[in-house]
Amino acid sequence: LSYDLHGSWEKFTGHNSPLKSLRLSSFHSQAYAMDYWRKLGAPADKLIMGFPAYGRTFQLLEESKNGLQAASTGPASPGYYTKQAGFLAYYEVCSFIQRAEQRWIDYQYVPYAYKGKEWVAYDDTISFTYKNILGVPWCGHWIWTTPGAFSVAMALSPLSIY
19 LSYDLHGSWE KFTGHNSPLK SLRLSSFHSQ AYAMDYWRKL GAPADKLIMG
69 FPAYGRTFQL LEESKNGLQA ASTGPASPGY YTKQAGFLAY YEVCSFIQRA
119 EQRWIDYQYV PYAYKGKEWV AYDDTISFTY KNILGVPWCG HWIWTTPGAF
169 SVAMALSPLS IY
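Heads up, my numbering is the position in the sequence shown plus 18, with the first residue counted as 1.
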């Protein structure tokens, strides 16, 4: 799997599917996961990198400390439709980011957003594009999970430009 690399089970915020690791030695990235399988002998043309069409949420310990690796106390509030703490469907992410501060993690090529003490890691058309071009160009790509028709349309739109 190349997603769910971080989540509310940890004591700090982290992106669930960063393209690159925070440190060169870290194995918490999609690029590392794909390269690992290739080094074990998996044929490159048989590998498929998953793009998550959902968000992972965190409850911040302090509202003013809202960046990557900020202290957290567990999952943020459940989504209105999914009702699952720590997880937002893509359409719930879209709703959340309309009223939240959005930020970009340059060295991991992924976005996150926060409002108050709620923090969500997600992918968007820009991060999907980076992953498609810069990530692991020799492998295939797929989208996981797409509950509801709205999220399918949103998740597929960034890939249809190539």
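Virtual Cβ for every residue (Gly too), placed ideally from N, Cα, C.
Legend entry - Per-residue DSSP class, three states only, for residue 139: strand
Legend entry - Same chain, Cβ closer than 6 angstroms to residue 149, five either side skipped, listed in chain order: 37
Legend entry - Beta-carbon spacing of residue 31, residue 125 below 9 angstroms: no
Inset, instruction - Quick one: using the 10 Å Cβ neighbour count with 16 as the cut-off for buried, is residue 45 buried or exposed? - result: exposed
Legend entry - Nonlocal neighbours in the same chain, by C-beta distance under 7 angstroms from residue 68, ignoring five residues either side: 19, 20, 21, 160 and 162
Inset, instruction - May I ask which residues mark the beginning and end of the beta strand (DSSP E) holding residue 21? - result: Residue 21 -> no beta strand (DSSP E), and no H or E assigned at all.
Inset, instruction - Pull up the distance between the alpha-carbon of residue 152 and that of residue 89, whole angstroms please. - result: 30 angstroms
Legend entry - Residues of its chain near residue 117, where Cβ-Cβ distance is below 8 angstroms and the 5 sequence neighbours each way are ignored: 133
Inset, instruction - Could you name the residues of the same chain whose beta carbon sits closer than 6 angstroms to that of residue 74, not counting the 5 residues immediately before and after it, in chain order? - result: 25, 34 and 139
Legend entry - Residue from 112, 121 and 145 with nearest C-alpha to residue 85: 121
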